[in-house]
C-alpha cells in the first residue's frame with residue numbers, strides 16, 4: 001500500500017475504535033468524516049461495517065501482543081510482564097466496549113477471535129521465558145481474564161500485584177538450588 005493509504009487505514013481504525021466504544025449506532029459515513037477521508041476510501045479498505053469492526057479488534061490484539069517483545073527490550077523481565085498485564089486489562093476493557101459491535105460480526109458467521117488464543121499464548125510465553133517461571137501461559141491468561149472482568153481498577157491493580165508475586169515466587173523457586181537432604 002502507498003504511504004497515504006496506510007495512513008488512511010490506520011486513521012480509520014483509530015477513529016472507528018473510538019466511535020464503536022463510545023457511540024452505539026455510529027455510521028460509517030460519520031467515521032469517514034471524522035477520519036477526514038471520503039466514504040469511498042473507507043469502503044476501499046473495509047467493504048463492510050463488520051470488516052471494519054474486525055480490523056479494529058485485530059489491531060488492538062496485535063498492538064497488545066506485539067508489545068511483549070518490545071517491553072522486554074526496554075524493561076527488566078518482571079517489569080515488562082507487569083506492564084503487559086496492565087495493558088491486557090486496558091485491552092480487555094476495550095474489547096468489552098466493542099462487545100455489541102463484535103456480536104454483529106459473529107452473527108454473520110465470522111470469527112474475529114480465531115487467532116487470539118495462539119497470539120496471546122505466544123506473547124505471554126515471550127514474557128515468562130526470561131523469568132524462568134514454570135507458570136503456564138494459559139493459566140496466567142485465565143487469571144488475567146478474571147481480573148479484567150472485575151471492573152474495579154484499584155482492585156485490579158492489587159490482584160495483578162498478587163499474580164506478579166506468584167509468578168516471581170515460582171521463578172525464584174525454580175532457580176533456587178535444591179535443598180540438601182537431611183542427615
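Residue numbers (the UniProt record's numbering): 1 to 183.
We treat Cβ as the ideally placed atom computed from N, Cα and C, and that holds for glycine.
Cβ-Cβ separation, residue 107 to residue 133 (assumed contact under 8 Å), whole Å: The beta-carbon separation of residue 133 and residue 107, rounded to 40 Å, does not stay under the 8 Å limit for a contact.
Proximity to residue 157 [Cα-Cα], best of 15, 89, 65, 130: Each of 15, 89, 65, 130 was checked against the Cα of residue 157, and the nearest Cα belongs to 89.
Test item: CB-CB of residue 84 and residue 101 under 9 Å: Their beta carbons are not under 9 Å apart, which means residue 84 does not touch residue 101 by this criterion.
Opening and closing residue of the alpha helix (DSSP H) in which residue 61 lies: That run of the alpha helix (DSSP H) goes 49-74.
Residues near residue 123 by beta carbon distance below 6 Å, same chain, minus five either side: Correct list, in chain order: 65, 68.
Burial state of residue 7 (16 or more Cβ within 10 Å): Per the 10 Å Cβ criterion, exposed.
Contacts around residue 112, its chain only, beta-carbon distance under 8 Å, and the 5 residues preceding and following it disregarded: Beyond the five residues adjoining it in sequence on each side, residue 112 comes within less than 8 Å, by CB distance, of 53, 54, 57, 58, 102, 105, 106 in the same chain, given in chain order.
Distance cut-off 8 Å: residue 55 Cβ against heavy atoms of the ligand MG: Among the ligands in the structure shown, none appear at all, so the ligand MG cannot be discussed.
Beta-carbon proximity of residue 77 to residue 137, cut-off 9 Å: Going by C-beta atoms, residue 77 is not nearer than 9 Å to residue 137.
Test: residue 22 CB closer than 9 Å to a CB of chain B: No chain B appears in the structure shown, which is made up of a single protein chain.
Cβ pair residue 48, residue 12 closer than 9 Å: With respect to the 9 Å criterion, residue 48 and residue 12 are not classified as neighbours on the basis of their beta carbons.
Closest Cα partner of residue 152 within the set 93, 82, 115: Sorting 93, 82, 115 by C-alpha distance to the C-alpha of residue 152 places 93 at the top.
Cut-off 8 Å between Cβ atoms - residues of its own chain near residue 126, not counting five sequence neighbours on either side: Sequence-distant partners of residue 126 (beyond 5 residues in either direction) whose C-beta falls short of 8 Å from its own C-beta, in its chain, are 68, 69, 72.
C-beta contact flag for residue 95 and residue 60 at 9 Å: It is a contact, given that the beta carbons lie within the stated cut-off.
Contact check, residue 141 vs residue 164, beta carbons under 9 Å: If you check the CB distance, residue 141 and residue 164 do not come in under 9 Å.
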